[in-house]
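Going by full-length UniProt numbering, the first residue of the sequence shown is number 1, and it counts up by one from there.
Quick reminder that beta carbons are idealized off the backbone N, C-alpha and C, glycines included.
Worksheet: the structure to be examined is printed underneath.
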Amino acid sequence: MKIFDNFAICALTAAALNGLIGPLTKLTLLQGVGASQIAFTKAFIAFFLLLGYCLLTGKARELSRVGKQWPTLAVLAFLGIFSLYFFETQAFAEASVSLVSFLTYAAGGFTILLSAIFLNERLTLLKSVSFLTIIAGVLLMLNVGSEMSGSMKGATLALLGGLGYALFIFFAKYNNVGSGLCQLVWLFGFGSLYLFPPALAAGFRAPSLSAILSLVALVVFPTIGGFYLTTRAIKLGEAGRVQIIETSDPLFATVFAFILFGEVLSLSAAWGAGFVMVGLLCSLLASRNTQSVYPKSENVNS
């Protein structure tokens, strides 16, 4: 679809899909499935489904070609799959959906700095205003009190997951690995290997039918759909701007949490959500007014 040839639309759609992670994870946790098992299961199912699809559609040669980058993909999988999935899922078991979602993306500022220093991406005034406005919104939402309650452990885990994701965004662009289903197969394959030992140590439990449905939804929407659109957005645009747009993920998560769990935003949280939306609009304007320093021909690897 041509609509997904625009990096901003890819990043925004990925943010909406990723906003389902918290609510769906919470639903699965409430049904007795452990956090480590959830993290491993959704990564492994994604790997299995994507591998099968690629083999059935004649992409074996492309899989082999992409596999030549396996050292880079192994590092990216540790950052983007293991670090994010393991720490974020553990955090959802300790704190509220909104708190974890916002703290996970609060670490995104690290990507902006790395992209400006090492990728020569211009740190424009509009981009700076966009990110600072979103951070202001995050701080307001962290100040809402009881509805955002959570332990220091949960907050720390969320920040660790966010840092891993921010580093994934940067290194994926820095190494120019491209986007596509074959790249995802390798990322989820390595990610599953990293996530298996913690899941084995915690012990596996047979999930109920409703838990299975929640896990499948986690795989189809945020795990495959969200991750694919994120990697595509990175290929089409600047890593820093992708991170800025995807910082709206917690806003979607808050809305979904309200629908599923009845979490109600306080006045402070509503102001925070407003700041996030203003920052998002600034980022979209920046994406129209500036272009990546990399020619598009250098970024097409899918």
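Contact check between the segment 155 to 171 and the segment 55 to 68: fewer than three CB pairs, one atom from each, fall below 8 Å, which does not count as touching.
The three-state secondary structure of Ala95, taken from DSSP, is strand. Residue range Met152 to Asn175 is occupied by the alpha helix (DSSP H) that includes Leu160.
Annotation for Leu187: Leu73, Leu76, Ala77, Gly80 and Ile81 place their beta carbon closer than 7 Å to its own, counting only its chain and skipping 5 residues before and after. In terms of Cβ geometry, Lys173 and Ala239 form a close pair [threshold 8 Å]. The segment 17 to 32 makes contact with the segment 216 to 227, as at least three CB pairs between them are under 8 Å. The straight-line gap separating the alpha-carbon atoms of Ala95 and Arg61 is approximately 44 Å. Spatial neighbours of Leu260 in its own chain (CB-CB distance under 6 Å, excluding positions within 5 residues in sequence) are listed in chain order as Pro23. Assigned with DSSP and collapsed to three states, Ser115 falls in helix. Using a C-beta cut-off of 8 Å, the segment 35 to 44 makes contact with the segment 196 to 214, since at least three inter-stretch Cβ pairs fall below that distance. In this structure, Ser101 lies away from Ala273, with their beta-carbon atoms at least 8 Å apart. In the assembly as shown, Ile134 is a buried residue. Its beta-carbon has 16 or more other beta-carbons within 10 Å. Taking 8 Å as the cut-off, the Cβ atoms of Gln31 and Ala211 count as close. Judged by their CB atoms, Gly164 and Leu103 are not nearer to each other than the 8 Å cut-off. In its chain, beyond the 5 residues on either side, Phe275 have a beta carbon closer than 7 Å to the beta carbon of Ala136. The alpha-carbon separation between Leu99 and Gly58 amounts to approximately 43 Å. Judged by DSSP secondary structure, Arg61 falls within the alpha helix (DSSP H) whose first and last residues are Ala60 to Gly67. Taking C-beta atoms as the reference points, Cys54 and Leu181 count as a pair closer than 8 Å.
Secondary structure of Gly137 (DSSP, three-state): helix. DSSP, read as helix, strand or coil, puts Leu123 in coil.
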